[in-house]
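Below is one structure, written out as structure tokens, with a few remarks after it.
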Amino acid sequence: GQRYSTAAVAMANEMVYCIDSHSPIDVLAMRRRGEKADGLQSNILALDARTGKEKWKQVLSNPPTEMSSIHFIGLRSSDDWLACAVDKGLLIAGKDSRTVALNLQSGETVWEKDSKGQQPLIITGDTFINQVGHTYETATGKVLNNERLFTRGGCNYAVGSENLLFLRDNCAAYVDIDSGEQFNLRNLRSGCSASLVAAGGLLNAPCFSVGCICNYPIQTSFSMYHLPEAGEWNKAVPEISSATPSQ
Numbered sequence: 015g016q017r018y019s020t021a022a023v024a025m026a027n028e029m030v031y032c033i034d035s036h037s038p039i040d041v042l043a044m045r046r047r048g049e050k051a052d053g054l055q056s057n058i059l060a061l062d063a064r065t066g067k068e069k070w071k072q073v074l075s076n077p078p079t080e081m082s083s084i085h086f087i088g089l090r091s092s093d094d095w096l097a098c099a100v101d102k103g104l105l106i107a108g109k110d111s112r113t114v115a116l117n118l119q120s121g122e123t124v125w126e127k128d129s130k131g132q133q134p135l136i137i138t139g140d141t142f143i144n145q146v147g148h149t150y151e152t153a154t155g156k157v158l159n160n161e162r163l164f165t166r167g168g169c170n171y172a173v174g175s176e177n178l179l180f181l182r183d184n185c186a187a188y189v190d191i192d193s194g195e196q197f198n199l200r201n202l203r204s205g206c207s208a209s210l211v212a213a214g215g216l217l218n219a220p221c222f223s224v225g226c227i228c229n230y231p232i233q234t235s236f237s238m239y240h241l242p243e244a245g246e247w248n249k250a251v252p253e254i255s256s257a258t259p260s261q
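For the sequence shown, the working numbering assigns the number 15 to the initial residue and increments by one for each residue that follows.
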């Protein structure tokens, strides 16, 4: 064994799924020493959550790891990752330019695509959305839209709920999944982690920007809830009275 990537651990159906592989930092050291690092194996393991007993193992020979930096954003696509699509009975995993889907129960390969997964994935059931903003069909891995749902700017990654996506596009922002419309919370930034959290009908934004040198004037924790009547405050077309002004 080598080590377990923090982005490649998941739990579902009383099982723990993880990937044992070389870290990208180890791969960089191997390349500097002139050692061959292409096609290193990634061992995907399915373990009983109570006993740790191995249920199945799938070995992947991954493409060469390419890293521009050891910053966590660079690691996101270069290191092993996985996610559970429980409703579809699939374990979706990948590294660099390869994404595979395995049967949760048996480990058998269901589909494989030469595409960057850009984890963490936002799994909505029939579809999943990657960090580039593209939507894929969960059952087949087929891309469903070539237009991005969002663009990102800054150290953060998108998270999602059934209807909305939350991310940092310089300022904190949220996107309506159905319409693709984006709403920006000006002069507020989110933290470098997943700090825009939708739960219990609220959008919670704890202040994770303490110590950051980015020039955003408002640093605060806040929570938002839905006000349907708020749409009446800003009508798209203003109402103009046709009445004749009094003399």
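Even for Gly, the Cβ is constructed at its ideal location relative to N, Cα and C.
May I ask you to report which of helix, strand or coil DSSP gives residue i?
i, result
"ARG112", "strand"
"LYS156", "coil"
"ASP34", "strand"
"LYS102", "helix"
"GLY167", "strand"
"SER92", "helix"
"GLY245", "helix"
"GLN261", "Low local confidence applies: a pLDDT of 48 at GLN261 is under 50, so the model's placement there is unreliable, and no value is given."
"GLU68", "strand"
"ILE191", "coil"
"LEU74", "strand"
"LEU118", "coil"
"VAL173", "strand"
"SER183", "Looking at the sequence provided, one finds Asp at residue 183 rather than Ser. Looking at ASP183 - three-state DSSP - the assignment turns out to be strand."
"GLN196", "strand"
"THR141", "strand"
"ALA51", "coil"
"VAL146", "coil"
"ALA97", "strand"
"ALA208", "coil"
Buried or exposed: which applies to residue i, given that a residue is buried once 16 or more other Cβ atoms fall within 10 Å of its Cβ?
i, result
"LYS123", "The sequence given here places Thr at residue 123; Lys does not occur at that position. Exposed, by the Cβ-count rule."
"THR65", "exposed"
"PRO38", "buried"
"ILE227", "exposed"
"ASN170", "buried"
"TYR239", "exposed"
"GLN261", "Note that GLN261 has pLDDT 48, beneath the 50 cutoff, so the model's placement of it is unreliable and the number below is only indicative. Under this definition GLN261 is an exposed residue."
"GLN55", "exposed"
"SER237", "exposed"
"THR152", "buried"
"ASP93", "buried"
"THR165", "exposed"
"ASN177", "exposed"
"LYS67", "exposed"
"ARG182", "buried"
"VAL114", "buried"
"GLN145", "buried"
"VAL23", "exposed"
Between residue i and chain C, is the shortest Cβ-Cβ distance under 8 Å, so that the two count as touching?
i, result
"GLN72", "Protein chains in the displayed structure number just one, and chain C is not present."
What does the alpha-carbon distance come out to for the pair residue i and residue j?
i, j, result
"ALA51", "ASP190", "42 Å"
"THR141", "VAL157", "9 Å"
"GLY155", "GLY147", "15 Å"
"ALA99", "GLU161", "23 Å"
"ARG47", "SER111", "24 Å"
"PRO134", "GLU246", "36 Å"
"VAL30", "LYS71", "12 Å"
"ILE58", "ASP34", "7 Å"
"THR149", "GLN196", "16 Å"
"THR234", "CYS221", "5 Å"
"GLY167", "ASN229", "14 Å"
"TRP125", "ALA21", "21 Å"
"PRO242", "LEU217", "15 Å"
"TRP95", "ILE232", "34 Å"
Between which two residues does the alpha helix (DSSP H) carrying residue i extend?
i, result
"VAL41", "38-46"
First and last residue of the beta strand (DSSP E) that includes residue i?
i, result
"GLN132", "It is not in any beta strand (DSSP E) - GLN132 carries neither H nor E in the DSSP assignment."
"SER56", "55-62"
"ILE227", "Neither: ILE227 is in no beta strand (DSSP E) and is coded neither H nor E."
"ASN201", "No beta strand (DSSP E) contains ASN201, which DSSP labels as neither H nor E."
"SER19", "17-26"
"ALA213", "211-213"
"ASN218", "216-219"
"GLU151", "149-151"
"PHE222", "Counting along the chain, PHE222 falls outside any beta strand (DSSP E), and DSSP gives it neither H nor E."
"SER237", "236-239"
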